[in-house]
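> I'd like to ask some things about the structure below.
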Amino acid sequence: MENKEKTKNIPSRSNLIKIKNASVDFFRKYIFSKAFFIFFNILAILISSSIIILNLFSIRFNPFPKETLTLFVLIAVFSVFITLLIGINTLLAIQDKKSILNNNIQRAQEIIDTISEKDDLDNEDVEAINEILN
C-alpha cells in the first residue's frame, strides 16, 4: 500500500512532458517579448532623434528666419525634452523588466529548493512550476 502512494506522487512522463513543453513555450514567449520590447523602444528613440534633426534643418533652411525662428527653436527644445523623457522611460522600463525577471528567478529557486527536499512530487509542485513558466 505504501509503495502505491509513492508511485502515485512521482511525476508521470506526461507531467514531465508538459513541464518541458511549457518551458519551451515560455522561452519562445520570452524571446519574442524581449525582441518586441527592444525594437519598439529603439524605434521610439530613433523617431525622436530624427524629429530633432529635422527641426534643426528647418531652422537652418528657414525662408523667413525673423518671423519663425522663435517658433522653430521652441519646437526643437520641446523635441529634445520629449526625447529625454522617452529615454528615461525606456531605462525605467528595462529596470522594471529586470526586477520582474529577478523575482521570477527567486521564486523558481525557492520551488527548486522545496522540491529537492521532498522525495516525491505532488500536483501542487507541478502546478507551481507551471505557474512560473507561464
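Using our numbering, the letters of the sequence shown correspond one by one to residues 2 to 135.
Yeah, the Cβ is synthetic: ideal placement off N, Cα and C, and Gly gets one too.
Note that this is a predicted model, so its numbers are computed, not measured.
#1: For the 8 Å Cβ check, are there 3 or more pairs between the stretch 35-47 and the stretch 79-96?
#2: Run through DSSP, which three-state label would Asp-26 get?
#3: Considering Cα atoms alone, identify which of Arg-108, Ile-95, Asn-63, Lys-119 is closest to Ser-34.
#4: What does a CB cutoff of less than 8 Å around Asn-63 pick up in its chain, not counting 5 residues either side in sequence?
#5: Less than 9 Å separating the beta-carbons of Ile-83 and Ser-49?
#6: Taking 9 Å as the threshold (C-beta atoms), are Lys-19 and Val-127 in contact?
#7: Taking C-alpha atoms, which residue in Ser-117, Asp-97, Arg-14, Ile-52 lies nearest to Leu-85?
#8: When burial is assigned at 16 or more other CB atoms within 10 Å of the CB, is Ile-130 buried or exposed?
#9: So, at 7 Å on beta carbons, what are the nonlocal neighbours of Ile-1 in its own chain, with the 5 sequence-adjacent residues on each side left out?
#10: In chain order, what residues of the same chain lie with their CB nearer than 7 Å to the CB of Lys-99, ignoring the 5 residues before and after it?
Let me spell this out:
#1: yes
#2: The count along the sequence shown starts at 1 and reaches residue 26 at position 25. Three-state result, Asp-26: helix.
#3: Here residue 34 corresponds to residue number 33 of the sequence shown, with the count starting at 1. When each option's Cα is compared against that of Ser-34, the closest is Ile-95.
#4: To locate residue 63, count along the sequence shown from 1; it is residue 62. Hits under 8 Å: Thr-69, Leu-70, Phe-73.
#5: Taking the first residue of the sequence shown as 1, we reach residue 83 at position 82. Taking the first residue of the sequence shown as 1, we reach residue 49 at position 48. For Ile-83 and Ser-49, yes; Cβs fall inside 9 Å.
#6: As a position in the sequence shown, residue 127 is number 126, starting the count at 1. As a position in the sequence shown, residue 19 is number 18, starting the count at 1. Closer than 9 Å, so yes.
#7: The residue you call residue 85 lines up with position 84 of the sequence shown. Residue Ile-52 is the option with its Cα nearest to Leu-85.
#8: The sequence position of residue 130 within the sequence shown is 129, counting from 1. When all chains shown are included, Ile-130 counts as buried.
#9: Past the edges of the chain, shown from 2 to 135, lies residue 1, and the structure says nothing about it.
#10: Within the sequence shown, numbered from 1, the residue matching residue 99 stands at position 98. Cβ neighbours of Lys-99 beyond the five flanking positions: none.
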